[in-house]
Amino acid sequence: MSSESTERPDLASDSEAPDFGLLFRSLPGCYLVLDRDLKIVAASEAYVDATKVDYPAIVGRHVFDVFPDNPDDLGTKTVKASRASFESVIADGRADTMPVQKHDIRRPEAEGGGYEERYWSPTNSPVLDAKGRVVYVLHQVEDVTDQVYLERRAQELMAATQEHALRSSRYFQQLLDAAPDGMIVVGDDGRLLLVNAQTERIFGYAKQELIGQPLEVLIPARFRGRHAGHLQRFLASPSTRPMGVGLELFGLHKDGRELAIEISLSQLQSERGMTVTATIRDISERKRLEATTRLLADRLASAIESAQDAFALFGDDGRLDMCNRRYRELMVSFGVEEPLGLTRNEIRSASIGLFVNPEAEGERARFDEQREADWQQQRSSRDMQLVDGRCIRITTSRMLGGGWVQTIWELTEDVRLAEELRAARAAAESASAAKSEFLASMSHELRTPLNAILGFAQLLQRDRKEPLSPRHQARAGEILKGGDHLLRLIDDILDLSRIEAGGVAMSIEPVDVSDVLAEVRRTLTPMAAAQGLRLSLDPAPRELPMVAADRTRLVQILMNFGSNAVKYNRPGGLVTFALSAVDEGHVRALVRDTGIGIPADKQGRLFQPFQRAGQEGGPIQGTGIGLVITKRLAELMGGQVGFRSTWEQGSEFWVDLPVHCSDSQAPPPPVARRDATALKLDGHAQILYIEDNPANVAFMRDLLETLESLELVTASTAESGIAQARALCPALIIMDINLPGMSGLEALQVLRDAAETKHIPVIALTAAASERDKQRGLQAGFARYLTKPVNVDEFASALESVLRDAGASSSAE
Ligand code: ADP
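Shown next, in the form of structure tokens:
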């Protein structure tokens, strides 16, 4: 482009000065020209438009008259600031750029009047004359109202955003603190950036103690390397691990304790770089519970496993959850290979063939129904015979928390054992019965000939018609002594074998032991006198309690001690009976003698059958059974025997008996004992003796011969005896039991059943001497039950009393 171009615009001619006023007014910016008195000289049209004034109306007026402060906005100080700026420009001749001013403009009345808010950015510049003096001030403004508005909006937005951010970060913190798990954020430098309240609780630290610390403070030293490894690996290949599959690790509490924890990790890219967020759960309690549960489960499993019976647990859904080896074996034998997980119905169906015929529909349905009913009960037990011959017992019980427990016993073995036991018991019982039978019959067989020996020996001694010479008297005495010994031996052996067989029933009652001792002493007096011994009875301690004992057996024990004390004594010796309280619960009855004593080396075998402690070959008769019997009898009464003995000085034997608890019970009245008396009878009487053994008949004849008032009639069988009884109606019948043909017991029954014989008293005289025989005989109706060999005194007294009673009742009729 050339300045000489002919295409220049058609401007006013060079000679004519340009219209600067017009030019100025047309400037696109907002300008106002003021004189030194701040009166308006000129204004660009843009200024006039922007301030909504009328140009002619403002020229020559003071600027602040035209543009005053908004009277409604008391805070505005624009006039003041502008004046200061103008004045400084006039005074200094230097331009002044003012900060943005709020200077509201007056709205023309046509537009509603009042003020309109406006912001301006003003610059005041001097206009100098040739001499450099300020003649005008050029006031240039830019309407920045829109910018100010925008900025303000932006600031408002910013404030709102900040407020929101603040609020959400607080919310976020609360949320974190409310989380049930510990949460931490770790920066890529491994330091803690954030922890929540639960973390404080788990590890015992306050937040501020943790923030900025390396993660290691929460890890036990022994795991630090491993943890770091986890973290590094995780950072290398991050993936979120949910809690359920979290790592089980250990944490370190502030107090040094190790905690079982579970950690889940996730990665977070934040403005601080890559961070790891960890969720931490304290599982110490869970671990403890798990360990306890595991222990219990293990114990349960081993207890179940060690059970001898088959054992199974079924869940609520009826499926087999657990069973022991025995159960599995049984199931295999039922045809069920793997029972675990099967329902009870499946197990039943699989093994049905063992229980019922699977083809028989009805049977099967009944079986199913029955078993199902068992399952519905709280507890059921059923014995079943399987088709293969086995017997089982199934017990099913509901468990408290649901489900069932089932046990199965194989009864087959039990049944076999029970059968064996029953057979063994039967064999033992029959052996014992056979033994009793043997003993009874042996006793019978021995007593029968003894009856003749002792009976006739006694008759020989008593024979007044043909008295024996002293020599024969002595020999008859020997016969009696030998017979007596034999009799005692038989009695003792029988007694002992009955005790050993448990056949002796004790009749325990309150017993006054002093009374018993006095009786024993009385009984032994003749025997002691014969040996030139003294018997003494120490006074019993006062208020000695009664004992609980069988009186008859207690007499037997003390008689044995007493007769030994007499037997094994020395002429002029002493036997003392004494009583004492051993302790609160026992009373001791003691027999002391000044006899020969027992050698120390023989004492150990005392109380054993047939042990005579050195007396075997000696002159003193004995069987060696008495002490054994006393010991057994004392034990049967809950007591004990004991002894002390010094060779050649004497012995002490005692029995300790339990005190009877209730003292209120009075002792039974002492039984009146009468001595055997000679037979005294009034008037004439006929006696029928039914006995098959001629020796015994002869003996009886001899015995009754002396009594003239009595006539003896005999019969050798029960049948002929009954006939005689009917014919003669005797005053008394003496009957043997063991007779050829009809027995004595049967004969008694026949006599009792017939009107003409039922009133005749019958005395049994038999060798069947056991207590049981005796009881049976008395129950059957014998007036007396006497055993062979006959004790003449006892027999005479029985005869007398029975005849007297019969006479009394017949005279009463
Ligand atoms: P026995 O029928 O022989 O007397 P016991 O069983 O009553 O049988 O006694 C066994 C043994 O104990 C006797 O043989 C005797 O040696 C010894 N014995 C028992 N009591 C006395 C006693 N008081 N003094 C000396 N020895 C005694």
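Counting from -2, one number per residue, gives the positions in the sequence shown under the numbering used here. Ideal Cβ positions, reconstructed from N, Cα and C, are used throughout, including at glycine. Nothing here was measured: the structure is a model prediction, and the numbers come from that model.
Does the beta carbon of residue i fall short of 7 Å from some heavy atom of ligand 1?
{"i": "Q612", "result": "yes"}
{"i": "R609", "result": "yes"}
{"i": "S648", "result": "yes"}
{"i": "I496", "result": "no"}
{"i": "T409", "result": "no"}
{"i": "I595", "result": "yes"}
{"i": "V625", "result": "yes"}
{"i": "T620", "result": "yes"}
{"i": "Y565", "result": "yes"}
{"i": "P592", "result": "The question names Pro, but residue 592 in the sequence shown is Gly. Answer for G592: yes, Cβ within range of ligand 1."}
{"i": "N321", "result": "no"}
{"i": "L603", "result": "yes"}
{"i": "N448", "result": "no"}
{"i": "N788", "result": "no"}
{"i": "A562", "result": "yes"}
{"i": "S533", "result": "no"}
{"i": "T713", "result": "According to the sequence displayed, residue 713 carries Ser and not Thr. The answer is no for S713."}
{"i": "N868", "result": "Past the edges of the chain, shown from -2 to 810, lies residue 868, and the structure says nothing about it."}
{"i": "S642", "result": "yes"}
Give me, in chain order, the residues of the same chain whose beta-carbon lies closer than 7 Å to that of residue i; leave out the 5 immediate sequence neighbours on both sides.
{"i": "Q528", "result": "V563, N566 and P568"}
{"i": "P239", "result": "Confidence is the limiting factor: at P239 the pLDDT is only 48, short of 50, which leaves the residue's position unreliable and the question unanswerable from this model."}
{"i": "D279", "result": "I199, L256 and I258"}
{"i": "Q470", "result": "Q458"}
{"i": "D385", "result": "L351"}
{"i": "D101", "result": "N67, D70, Y112, E113, E114 and R115"}
{"i": "F453", "result": "F696"}
{"i": "V145", "result": "V97 and Y116"}
{"i": "D380", "result": "C388, R390 and L408"}
{"i": "V759", "result": "I730, M732, L745, L748, F779 and A780"}
For residue i, I'd like the list of residues in its chain whose CB is within less than 6 Å of its CB, leaving aside the five on either flank, ordered along the chain.
{"i": "V60", "result": "L31, L35 and I37"}
{"i": "S378", "result": "T392"}
{"i": "R531", "result": "L571"}
{"i": "G898", "result": "Because the chain is modelled from -2 through 810, residue 898 falls outside the range shown and cannot be assessed."}
My understanding is that residue i touches residue j, with C-beta atoms under 8 Å, so please give their C-beta distance in whole angstroms.
{"i": "A307", "j": "Y324", "result": "4 Å"}
{"i": "L212", "j": "L189", "result": "6 Å"}
{"i": "I730", "j": "A722", "result": "6 Å"}
{"i": "T404", "j": "T392", "result": "5 Å"}
{"i": "G594", "j": "T643", "result": "5 Å"}
{"i": "T520", "j": "A764", "result": "About 26 Å separates the two Cβ atoms, so there is no contact after all."}
{"i": "Y116", "j": "V141", "result": "5 Å"}
{"i": "V131", "j": "V86", "result": "7 Å"}
{"i": "A502", "j": "P655", "result": "Between P655 and A502 the Cβ distance is about 18 Å, and since that is not below 8 Å, they are no contact."}
{"i": "G647", "j": "D590", "result": "5 Å"}
DSSP beta-bridge partners for residue i?
{"i": "P211", "result": "R188"}
{"i": "W117", "result": "Q98 and D140"}
{"i": "R531", "result": "L571"}
{"i": "E195", "result": "The question names Glu, but residue 195 in the sequence shown is Gln. Answer is none; Q195 lacks a bridge partner."}
{"i": "I687", "result": "A712 and M732"}
{"i": "Y782", "result": "A761"}
{"i": "C320", "result": "A309"}
{"i": "S577", "result": "R585"}
{"i": "P737", "result": "Paired residues: none, contrary to the question."}
Which same chain residues, not among the five before or five after residue i, have their C-beta less than 8 Å away from its C-beta?
{"i": "S533", "result": "L571, V572, T573 and F574"}
{"i": "Q637", "result": "A631, V652 and D653"}
{"i": "S(-1)", "result": "The predicted position of S(-1) is uncertain, since its pLDDT is 43 and thus under 50; a value taken from the coordinates is nonetheless stated next. Around S(-1): no qualifying Cβ."}
Hey, would you say the C-beta of residue i is under 7 Å away from at least one heavy atom of ligand 2?
{"i": "L729", "result": "Ligands present in the displayed structure are limited to ligand 1, and ligand 2 is not among them."}
Segments assigned beta strand (DSSP E), at least 3 residues, entirely inside the segment 250 to 276: 255 to 267
Contiguous alpha helix (DSSP H) assignments of at least 4 residues, all confined to the segment 334 to 378: 341 to 352 and 358 to 373
Whole alpha helix (DSSP H) elements within the segment 24 to 105, 4-residue minimum: 42 to 48, 52 to 55, 60 to 63 and 75 to 89
Entirely enclosed beta strand (DSSP E) segments - the segment 594 to 663, minimum 3 residues: 637 to 643 and 647 to 655
Whole beta strand (DSSP E) elements within the segment 477 to 522, 3-residue minimum: 506 to 508
Whole runs of the beta strand (DSSP E) within the segment 375 to 411, excluding any shorter than 3 residues: 376 to 382, 388 to 395 and 401 to 407
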